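*Asks:* Quick one: structure below, then a few questions.
Residue numbers (our numbering): 4 to 1087.
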């Protein structure tokens, strides 16, 4: 309860009852009486002081080392608490301090409240009951005649408080309520004058400095609080004076305002003319608005007629529909051509296969015809040889040759015929073997040539792939330093020239591109599918208008040849992507091409939507899933086509697979990784190409070897046939010779003539065989030429197919763009029609508004006003006039307002003037009061210090000691000197030179002196006589008893371990004898 400001107020207010001893000088602002008057006031109210704030009882539970102490019912005057050490005397005093809200450090028995809880218990209870009777009780209607304060302290140091009334009802649990009660009763448990414990009494005189003793004196007598109050009053007065000065400045402004209001009031004039003019302008304004409404209606009718006559939207829509029809027809033509080309390719492929088979057959037939030709030729030679032999025989016979050697020749002839027949049989076997070997060699050679053609085609494909990969590697190597080189070696330079041209102002809007550099993939695994879809758009640029396109074409001509320039798309640039609601494809499993791309520039997005329709193309990795989604049932809504992860293109009724492997060229991520991948593929392709070339060379060598073998076998077969023919001719000749021996010349001539006919016939056969062989060769040559033509045509058809595919993509893009344009035009036409309808609706509303406006104008002015000015001019005139009237009214105001403001300003000015005048008077009076108060304060301080010194000296004289107190109010110090009996003339006056009993007695004297000049409901002393001998103790006890008799309405509590048997018996004295505890002795 240190430094509670309210305690001083309670002490000095007139309703407080001073003590009967008449020695407490606490006066209010009106008190100027002397001490005798104060004493009279004290004696008048002394009958009620002893019933306010004194302690009725105290009860302790689990406090310190005691399980239960009390309840102790204290008497209204003198109470002695007597007992041996450990009985709980100091515990009662400590509990009183804590129970009235004191801190643990104030008791000098501990630093924390949890130390007061008995060991082994969870809480401690303190119950203190205070009297609340008399003329000035604290909330007597609520609390009654007594106030019970109950504290509970837990083992963790927490404290709760309950404040109860007389009948035990809890009134409050707030500390503020306890503080208010203590302030009302003037109880200060932290003031040693009210409660002096054992430790403080030991250190009081010799441990404190003189300044501390002076502060103690000031605090005990409440002079310190009075001093603080006076300082506060001075500060408040200074603030009030500053406020008065500020209010004086405000008063000047109020006076100025008052004078202005007064001036306005005095020179207030009529504004009827301006108001009448304003009314006339309002009438004109009303009819002017009617005229403008009529004009708006007429303009709206003209606009509706103009819009209805405007057919440009229908024309544009019809033109676009015709373009769409033409584009669709062209696309259908391209698709038909593609189908025709594919059918032609399939037909040529079948024809090529048939031709291969026919070539095989014709080649075989040619070989067989060669054998027939050679046989016929050999037979002809044999017949010619036989004819020669017949002619010789006829010649011999005709010349008369004899039969001299006939028998010998016949034997020889038979022998030769037998030898020739054996030779002929052997040669025919060799001929049969050679013919079979020729067939086998021809079959093997045909297979070898087919394998050679197949390997040559594969080698060509590998060579093309290798060249493509080399070109790709070159692009990737160039894109290491600049990614744009993927789109062409000259692309970075082209973009630099575009930047320069844009900086020079040659472009209206800077072209955007290439498209491939402006997009990226969310999923790199879809690169093949997306590149297959966008194919020819990666190098494309976008221009806002055709003028920019022309400039860009000029720039491109410097870097790209005419046939290989990047494509340029012209579409107006916008900052937003098209609204694709209801147009794009949405599939729960598969994304669209638009979903797969990261595109920051909306121009690129819109361009790809217009030209390729990426919002309606699905990406489906698996081929089977793609076929199932697109061709298994009805395709997803708004889906035109789909692409697989391998680049296959899937329509609802068609499926296209790329002829060559699709390589990722533009959407690759890491160039280094792509370079490594391409290098690896190059190595594989080169190794594969080397293997194919080795294999091809080996097959070619095998074919050459087989051709040589075949030629050698055919030559051997021819030689064998010639040998057979010769042997047969020889046999025939010998047989003819045998037959001719018996024939005459006529039969020989007949045979010669018949043989001649055979020769002619055989010559014709040879001629026919030769012609047929030549025919076979011509047919074979013609078929080979046709086969080559078919091959060339197939290659040409393949090129045309690729070209048509590109045209198909472009045509599809054109169709998509035209579809978009058609939708836009249809939307514009709908908007145009909706606009016309809206204008008609607006016309109807405006006509209604015009009629309403005319009706209102007639209400304002029944006669139509002829207005020459526009509504804006009239409105400006009305606004100007209103501002002028408002300015006049703001400066003058209307009459009632001006009068009211004038009265208010006058009242405010007078009121402020009166308030400031009263404040000045109050401050002046306060200055006089404070001067008087300061004098009274100094007089009271001087009086209290003199009385304290006199009481201290008188009490010390009872011990035959010489004591003195020196007050220095300027330096705010208090020095106390005590000289024991017999040392009055000794200059040493240090308190530490006294014995313990003497110091205790000196302390008691000082406390008694303060008690004489201060007031408190109760006073407590703990073991005041502990160091006194019997003589000093007896004197001290007599002094205390005498003081208590003089102040019989005050409560005194004395704690002593000594016997009180020598005390006189009195009704004012209550002795509480504490019993020794039933436990082992422990220190408190």
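We put the beta carbon where it would ideally sit given N, CA and C, even for glycine.
Quantities reported herein were computed from a predicted structural model and do not represent experimental measurements.
(1) To the nearest angstrom, how far is it from the Cα of residue 98 to the Cα of residue 231?
(2) Per DSSP, what kind of secondary structure is residue 966 in: helix, strand or coil?
(3) Is residue 82 helix, strand or coil when you go by DSSP?
(4) Would you check if the distance between the CB atom of residue 116 and the CB atom of residue 107 is smaller than 8 angstroms?
(5) To the nearest angstrom, how far is the alpha carbon of residue 149 from that of residue 169?
(6) Leaving out five residues on either side along the sequence, give the residues of the same chain with a beta carbon under 7 angstroms from the beta carbon of residue 532.
(7) Whole-angstrom Cβ separation of residue 752 and residue 420, contact assumed at under 8 angstroms?
(8) Quickly, what does DSSP pair residue 545 with across the bridge? List them, please.
(9) For residue 128, write down the residues that DSSP places opposite it in a beta bridge.
(10) Grouping DSSP H, G and I as helix and E and B as strand, with all else coil, what is residue 1053?
(11) Quick one: what does DSSP say residue 645 is sitting in, helix, strand or coil?
(12) Could you spell out where the beta strand (DSSP E) holding residue 167 opens and where it closes?
(13) Could you please give the first and the last residue of the uninterrupted alpha helix (DSSP H) stretch that includes residue 536?
(14) Measure how close the beta-carbons of residue 78 and residue 1063 come, nearest whole angstrom, since I'm counting them as under 8 angstroms.
(15) Among 576, 461, 616, 493, whose alpha-carbon lies nearest the alpha-carbon of residue 511?
(16) I need the DSSP call for residue 314, collapsed to helix, strand or coil.
(17) Assign residue 235 to buried or exposed, taking buried as 16 or more other Cβ atoms, counted over all protein chains shown, within 10 Å of its Cβ.
(18) Do residue 2 and residue 153 have their C-beta atoms within less than 8 angstroms of each other?
(19) Note down the Cα distance separating residue 832 from residue 464, rounded to an integer number of angstroms.
(20) Label residue 69 either buried or exposed according to how many other C-beta atoms from any shown protein chain fall within 10 Å of its C-beta, with 16 as the threshold for buried.
(21) Roughly how many angstroms separate the alpha carbons of residue 143 and residue 56, rounded to a whole number?
(22) Should the region 297-307 be called in touch with the region 899-908, which here means at least 3 C-beta pairs below 8 angstroms?
(23) Within this structure, are the beta carbons of residue 952 and residue 968 separated by less than 8 angstroms?
(24) Verify the CB distance criterion: does residue 852 have a CB-CB separation below 8 angstroms to chain C?
(25) If you reduce the DSSP assignment to three classes, tell me which class residue 854 lands in.
(26) Whether or not the region 516-532 and the region 451-460 are in contact is what I'm after, with contact meaning three or more pairs of Cβ atoms, one per stretch, closer than 8 angstroms; do they touch?
(27) Which same chain residues end up closer than 6 angstroms to residue 71 when comparing Cβ atoms and leaving out the 5 residues on each side of it in sequence?
(28) By DSSP, does residue 182 sit in helix, in strand, or in coil?
(29) Measuring CB to CB, does residue 377 end up less than 8 angstroms from residue 773?
(30) Using three-state DSSP, classify residue 280 as helix, strand or coil.
(31) Residue 295 to residue 578, Cα distance in whole Å?
(32) Three or more C-beta pairs closer than 8 angstroms, one from the region 353-367 and one from the region 773-790: is that the case here?
(33) Alpha carbon to alpha carbon, how far is residue 974 from residue 920?
(34) Assign residue 654 to buried or exposed, taking buried as 16 or more other Cβ atoms, counted over all protein chains shown, within 10 Å of its Cβ.
(35) Have a look at the DSSP bridge pairing and note the partners of residue 198.
(36) Applying the 10 Å Cβ sphere with the 16-neighbour rule, what's the burial state of residue 1137?
*Replies:* Once the coordinates are examined:
(1) Residue 98 sits at position 95 when you count from the first residue of the chain shown. Residue 231 sits at position 228 when you count from the first residue of the chain shown. Roughly 31 angstroms between the two C-alpha positions.
(2) Looking up residue 966 in the chain shown gives position 963. Residue 966: strand per DSSP, three-state reduction.
(3) Position 79 of the chain shown holds residue 82. In this structure, residue 82 counts as strand in the three-state DSSP scheme.
(4) Counted from its first residue, the chain shown places residue 116 at position 113. Counted from its first residue, the chain shown places residue 107 at position 104. Their beta carbons are under 8 angstroms apart, which means residue 116 touches residue 107 by this criterion.
(5) If you number the chain shown from 1, residue 149 lands on position 146. If you number the chain shown from 1, residue 169 lands on position 166. So the two alpha carbons sit approximately 5 angstroms from each other.
(6) Along the chain shown, read from residue 1 onward, the residue named residue 532 stands at position 529. Cβ within range, chain order: 622, 646, 647, 648, 650.
(7) Counting from one through the chain shown, the residue named residue 752 turns up at place 749. Counting from one through the chain shown, the residue named residue 420 turns up at place 417. Not quite, the Cβ-Cβ distance comes to about 24 angstroms (not below 8 angstroms), so this is no contact.
(8) As a working note, residue 545 is residue 542 in the chain shown. Beta-bridge pairing links residue 545 to 515, 572.
(9) The residue given as residue 128 occupies position 125 in the chain shown. Answer is 64, 155, bridged to residue 128.
(10) Within the chain shown, residue 1053 is the residue found at index 1050, counting from 1. Note: residue 1053 maps to coil in three-state DSSP.
(11) Looking up residue 645 in the chain shown gives position 642. Here residue 645 sits in strand by DSSP.
(12) On the chain shown, position 164 is the one that residue 167 refers to. 162-167 is the extent of the beta strand (DSSP E) around residue 167.
(13) To locate residue 536, count along the chain shown from 1; it is residue 533. That run of the alpha helix (DSSP H) goes 530-537.
(14) Indexing the chain shown from 1 puts residue 78 at position 75. Indexing the chain shown from 1 puts residue 1063 at position 1060. About 14 angstroms; that fails the 8 angstroms criterion.
(15) Counting from 1 along the chain shown, the entry for residue 511 is found at position 508. Looking at the Cα atoms, 576 is the closest of the given residues.
(16) Numbered from 1 along the chain shown, position 311 holds the residue referred to as residue 314. Coil at residue 314, not helix or strand.
(17) Translated into the one-based positions of the chain shown, residue 235 becomes position 232. So residue 235 counts as exposed.
(18) Residue 2 lies beyond the range of the chain shown here (4 to 1087); nothing can be said about it.
(19) Reading the chain shown from its first residue, position 829 is the one you call residue 832. Reading the chain shown from its first residue, position 461 is the one you call residue 464. If you take the alpha carbons of residue 832 and residue 464, they lie about 54 angstroms apart.
(20) What you label residue 69 is simply residue 66 of the chain shown in a count that begins at 1. By the 10 Å Cβ count, residue 69 comes out buried.
(21) Counted from its first residue, the chain shown places residue 143 at position 140. Counted from its first residue, the chain shown places residue 56 at position 53. Using only the alpha carbons, I get a separation of about 13 angstroms.
(22) No, the region 297-307 is not in contact with the region 899-908.
(23) Here residue 952 corresponds to residue number 949 of the chain shown, with the count starting at 1. Here residue 968 corresponds to residue number 965 of the chain shown, with the count starting at 1. The Cβ-Cβ distance between residue 952 and residue 968 falls below 8 angstroms.
(24) The structure shown has no chain C; it contains just one protein chain.
(25) Walking along the chain shown from the start, residue 854 turns up at place 851. Correct three-state label for residue 854: helix.
(26) no
(27) For this step, residue 71 is matched to residue 68 along the chain shown. These residues qualify, in order along the chain: 64.
(28) Within the chain shown, the letter at position 179 stands for residue 182. DSSP places residue 182 in helix when its eight states are reduced to three.
(29) Taking the chain shown and counting its residues from 1, the one referred to as residue 377 is at position 374. Taking the chain shown and counting its residues from 1, the one referred to as residue 773 is at position 770. Not a contact, by the Cβ cut-off of 8 angstroms.
(30) Counted from its first residue, the chain shown places residue 280 at position 277. Of the three classes helix, strand and coil, the one that applies to residue 280 here is helix, per DSSP.
(31) Walking along the chain shown from the start, residue 295 turns up at place 292. Walking along the chain shown from the start, residue 578 turns up at place 575. Each residue's Cα considered, the two are about 39 angstroms apart.
(32) The region 353-367 makes contact with the region 773-790: 3 or more CB pairs, one atom from each, lie closer than 8 angstroms.
(33) As a first step, residue 974 must be located in the chain shown, where it is residue number 971. As a first step, residue 920 must be located in the chain shown, where it is residue number 917. Their backbone Cα atoms lie some 40 angstroms apart in a straight line.
(34) The residue you call residue 654 lines up with position 651 of the chain shown. Label assigned to residue 654: exposed.
(35) On the chain shown, residue 198 is found 195 positions in, with the first residue counted as 1. In DSSP, residue 198 forms a bridge with 1023.
(36) Absent from the structure is residue 1137, since the part of the chain shown begins at 4 and ends at 1087.
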